[in-house]
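Residue numbers (the numbering used here), protein chains in the order written: chain F, 2 to 111; chain V, 374 to 488.
All residues carry an ideal CB built from backbone N, CA and C; glycine is no exception.
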C-alpha cells in the first residue's frame, strides 16, 4: 500500500519568512497530491493540489512542487502570516485510496 | 449547500462498549470516507463507501465496521472499545463522476473518549 512520510513534524517561522514542508510517497501509481490545512479545533480543508502530469502549481502565497522520479512533493508558503499557523497534511492518492502524512504543525511568530 | 454533518460531536464510552457514529455527506456526494485522527498519527484511513458498497478499507481490526445507506448517509461502528480507540473520527464526502475533483470535504468530527 501507499506510505506517505512528512517532514518536519513541527515548524516555527518568523512572520514574513517562508515555510517549506516536504513529503515522500512510496507508490509510483499515485497520481494526485493534495494538501490540507487544519486550524486548531476545525476540520481539515483543501488548500492546494497537484496532479502527476504537472510539476508545479501556485496559488497566491502557496505553491506545490512534484518530483515524480524521486517520489516527493513539497508545499511552499511565502510571506507567512499569523493566520498560516495550523497543521498541514500532505496526501497521495492511487487508484484505491488517499493516504495522509502525519502532519506538520506550523507556528508563525509575530 | 449544507456541509458534511457528523453526530454525535462528543461522546464518552467505557472499555468493552460499542459506539455508532453517523455522517451525512454534502447533497449529491455519493462517496463517503472515514478517518481516525490521533495526535502524531495524522489521518488514518478507515474505509470508503460508494453507492452502499465498501470500496476500500484501511488497516484497522474487524472491530471497526461501517455501512452506507441509499441516501449516501454513512455510519461507522466500533465494537469492544479499547482505550486506544480514543480519537477524533472524521468523515469526508467527495463528488464522483463528472463532478469529481478529488477534493474531500470533511465534517467537524466525532470525538470519542474511551475510559
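Asked                                                                                                                                                                                       : Found
Does the separation of the CB atoms of residue 77/F and residue 19/F fall below 8 Å?                                                                                                        : yes
Using alpha carbons as the reference points, say which of 477/V, 406/V, 386/V and 462/V lies closest to residue 35/F.                                                                       : 477/V
Residue 90/F versus chain V: which residues are under 9 Å apart at the beta carbon?                                                                                                         : 415 and 416
Going along chain F in order, which residues have a C-beta closer than 9 Å to the C-beta of residue 423/V?                                                                                  : Neighbours of residue 423/V on chain F: none; closest Cβ ~12 Å, over 9 Å.
Might you give, ordered along the chain, the residues of its own chain that have their beta carbon closer than 6 Å to the beta carbon of residue 429/V, omitting 5 neighbours on each side? : 421
With a 10 Å radius around its C-beta and 16 neighbouring C-beta atoms as the bar for buried, classify residue 105/F as buried or exposed.                                                   : buried
On a Cα-Cα basis, can you pick out the residue from 3/F, 39/F and 42/F that is closest to residue 26/F?                                                                                     : 3/F
Alpha carbons only, please: which of 452/V, 410/V, 467/V and 461/V is nearest the one belonging to residue 446/V?                                                                           : 467/V
Let me make sure I understand the geometry here. Which of 385/V, 401/V, 394/V and 458/V has the alpha-carbon closest to that of residue 472/V?                                              : 401/V
At which residue ranges does the region 374 to 426 of chain V contain complete beta strand (DSSP E) runs of 3 or more residues, listed in the order of the chain?                           : 378 to 380, 383 to 386, 392 to 397, 404 to 411 and 415 to 423
Taking 8 Å as the limit between beta carbons, can you name the residues of its chain near residue 57/F, skipping five residues before and five after?                                       : 51, 64, 65, 66 and 67
I want to verify the contact list: residues of chain V whose CB lies under 8 Å from the CB of residue 127/F, in sequence order.                                                             : Limits of chain F in this structure are 2 at one end and 111 at the other, which puts residue 127/F out of reach.
When Cβ atoms are compared, which residues of the region 42 to 54 of chain F fall closer than 8 Å to chain V?                                                                               : 43, 44, 45, 46, 47 and 50
Let me make sure I understand the geometry here. Which of 31/F, 9/F and 15/F has the alpha-carbon closest to that of residue 21/F?                                                          : 9/F
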